[in-house]
Every structure is written in C-alpha cells, then in structure tokens.
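K.L.:
This is the structure, below, for whatever I ask next.
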Amino acid sequence: MTALKIASWNINSVRARIDIVERFLREEQPDILCLQETKVVNDIFPGGIFHQLGYTHQILHGQRMHHGVAIISRIPIREDAESQWRFDWQDNGEARHVGVQLDCGIRLENVYVPAGGDIPDAELNPKFGQKLAFIERMTRWAEQISQPTLLVGDFNIAPLECDVWSHKQLLNVVSHTPIEVEALAGLKAAHDWVDLGRKFVPPPERLYTWWSYRAQDWAASDRGRRLDHMWASPEVAKLATAHKVHEPCRGWLKPSDHVPLVTEFEV
DNA sequence: ATGGTAGCAAAGCTA
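UniProt numbering numbers the first residue of the first sequence as 1 and each following residue consecutively.
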C-alpha cells in the first residue's frame, strides 16, 4: 500500500494565481493537482514553475480566454487515445475535461461543468440548457464506466440543503435549482458514485467550496456554496483515508473564489 | 430590489 494524495482546485486563471498555487503545493504536497478554469492556452501555461516543484508530468487542455483544465503530477500519469480522454460533453469545443490513467489502476477524470448563466430556464437562457445537456452526456458516459474512477472538479451544482448558505433563498438560483439537483442525482446513480465530501463530512454539517467575490467580507457573511466535488467509484472510495476542503485558501492574497479539495488514498 | 467583484484582453463575455 502506498499513499496517494490528490487535489482539485478551480483556480480562476492559473497565471493570475501562480503565487498561491505554488504556496498550496509547497504546504500541502499533493501528488496530483487537477486544475479548472486555467484561462490559458497550452503554449503559455506556466509549466516551468510546476516542473521546478517536482510536478514534471503535465497534461493540459487549455483554450483562449475562458475555461481550460489541466492535471499536473509528480507521479506518472498517462493519456491513451487522446480523443478518449478529452470529452466534449457540451458538444461545442470548450475545454472542460481532461482525463488520465494512473499506474495504480485508477482512472482520474477532471471536469469543469458550465456555470449555466443566470436564468434557470432553458428556453430563456440557452446556457442553462447546455449545462443540463452536459450533465446528461456525462450520465451516459458514467453508465458505461468499466474502470475504478475518481471524478473531480467544479460541478457548478450544490446538491444538498447544507451545501448552500440558504436553501430557501437559492432554490431559484442557478447551481441549486431542483432541476439541476435532479440531473446531478441522475449522474450520481449512473455509476453508484460515492460523494467523498459527504462521506467525510456528513449532512447536516455545513460544507462550502466557493464564496462570491462580490461579498464585502466573504468570511463574515459566509454565503458559500459547495460547487466543487470529488466522486469515486465504490472500490476507490474504500481506499480514501482522509478528505478536506482548504477553506483558508479563500483568504490568501489574490484568492480564487473557489478553494481546493484534497483526498488521501492508500492504493 | 439591486448590485456588488474578478480575469482576459482590449469591449464585452464568462463567472
């Protein structure tokens, strides 16, 4: 048995955030870091800094301006047939997924689900329909999974009442609407996924991973939501030994509005 | 009831 530590973080621009990513890697020492919203094309991804820190394996899927995902690792990670490992679940070319194979036999999938716009109505707001379609395509994919898998990333949905600061006030706010929660439940059932956040921090305990930039004092108002998740195949979930949400990162200089999730495994 | 902030990249889009 060897220890394996995997982190996931919506970084909201890896270039603007390079100092705090470096601090996080030095302090937390994950073996693998999955990033979402890197906001950079592959050519100018700041890979040299990560390489110096020992993260010599880097699988990038970036694009200009928005979105973008990456997996950086200090242990080997492998891509197989490239198209197989970069799903386009929105069918519009946006860079929102990258997946790799680990030597221990686990498949690691890093996803950035679209936010879905402001209006929770697919007729009035096409982005909301695209978000639901994305989850639907993920569900079809999940039904066919044949390997032990860890699915991590920014799902942009907070499913439980204790995943948001006010269930009542967010019922009609995109990220916590019943239609999104139902779609996410369908995805969860499609592979019998284990929600590692709630395995380690059971309801009704408060658990958030995101706080808006628009609050005057994010910590004082604490109007958070749990938008980021780590879901494991049942056999992978059994290997998990610890899990945490790094809330202090929200208070670091020039923070992301999301904080990192970290899970430790014995594989 | 509204607007509040942030990054990219060069005005508005996405979040």
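A virtual CB, placed ideally from N, CA and C, is assigned to each residue, including glycine.
1. Quick one: what's got a C-beta closer than 6 Å to residue 99's C-beta in the same chain, skipping five residues either side?
2. Can you find the residues in the same chain that come closer than 6 Å, C-beta to C-beta, to residue 33, ignoring five residues on each side of it along the sequence?
3. Under a Cβ-count criterion, where at least 16 other Cβ atoms within 10 Å of its own Cβ denotes burial, should residue 104 be classed as buried or exposed?
4. What do you get for residue 156, buried or exposed, if any count of 16 or more other CB atoms within 10 angstroms of its CB means buried?
5. My guess is that residue 49 and residue 18 are in contact by the Cβ rule of under 8 Å, so how many angstroms apart are they, rounded?
6. What does the Cβ neighbour count give for residue 119, buried or exposed, with the cut at 16 atoms within 10 Å?
7. Residue 209: which of 220, 194 and 158 sits nearest, CA to CA?
8. Taking the alpha carbon of residue 183 as the reference point, which residue from 164, 57 and 129 has its own alpha carbon closest?
9. Just to confirm before moving on: does the CB-CB distance between residue 107 and residue 147 stay below 8 Å?
10. Could you tell me the distance, in whole angstroms, from the CA atom of residue 251 to the CA atom of residue 219?
11. Cutting at 7 Å between CB atoms, please list the residues of its own chain near residue 224, excluding the five before and the five after it.
12. Nearest by alpha-carbon distance to residue 61: which of 1, 194 and 70 is it?
13. Who are residue 169's beta bridge partners in DSSP?
14. Would you mind listing the alpha helix (DSSP H) stretches within the region 186-261 that are 4+ residues and don't spill past its ends, in chain order?
15. Would DSSP call residue 51 helix, strand or coil?
16. Count the other C-beta atoms from every protein chain shown that fall within 10 angstroms of the C-beta of residue 254, then say buried if there are 16 or more, exposed otherwise.
17. Would you identify the three-state DSSP class for residue 19, choosing helix, strand or coil?
P.N.:
Straight from the coordinates:
1. Same-chain partners within the cutoff: 85 and 109.
2. 7 and 72.
3. With fewer than 16 other Cβ atoms from the protein chains shown falling within 10 Å of its own Cβ, residue 104 counts as exposed.
4. Around the C-beta of residue 156, 16 or more other C-beta atoms lie within 10 Å, and the residue is accordingly described as buried.
5. Indeed they touch by this definition, with Cβ atoms about 6 Å apart.
6. The residue in question, residue 119, is exposed, as its Cβ has fewer than 16 Cβ neighbours within 10 Å.
7. Checked all of 220, 194 and 158; the closest Cα to residue 209 is 158.
8. Measuring from the Cα of residue 183, the nearest candidate turns out to be 129.
9. Going by C-beta atoms, residue 107 is nearer than 8 Å to residue 147.
10. Between residue 251 and residue 219, the C-alpha separation is close to 8 Å.
11. The residues are 165, 208, 210 and 211.
12. Among 1, 194 and 70, the Cα nearest to that of residue 61 is on 70.
13. DSSP links residue 169 through a beta bridge to no other residue.
14. DSSP runs (the alpha helix (DSSP H)) wholly in the region 186-261: 196-200, 218-221 and 234-237.
15. Of the three classes helix, strand and coil, the one that applies to residue 51 here is helix, per DSSP.
16. With fewer than 16 other CB atoms across the displayed protein chains lying within 10 angstroms of its CB, residue 254 is exposed.
17. Helix, per DSSP.
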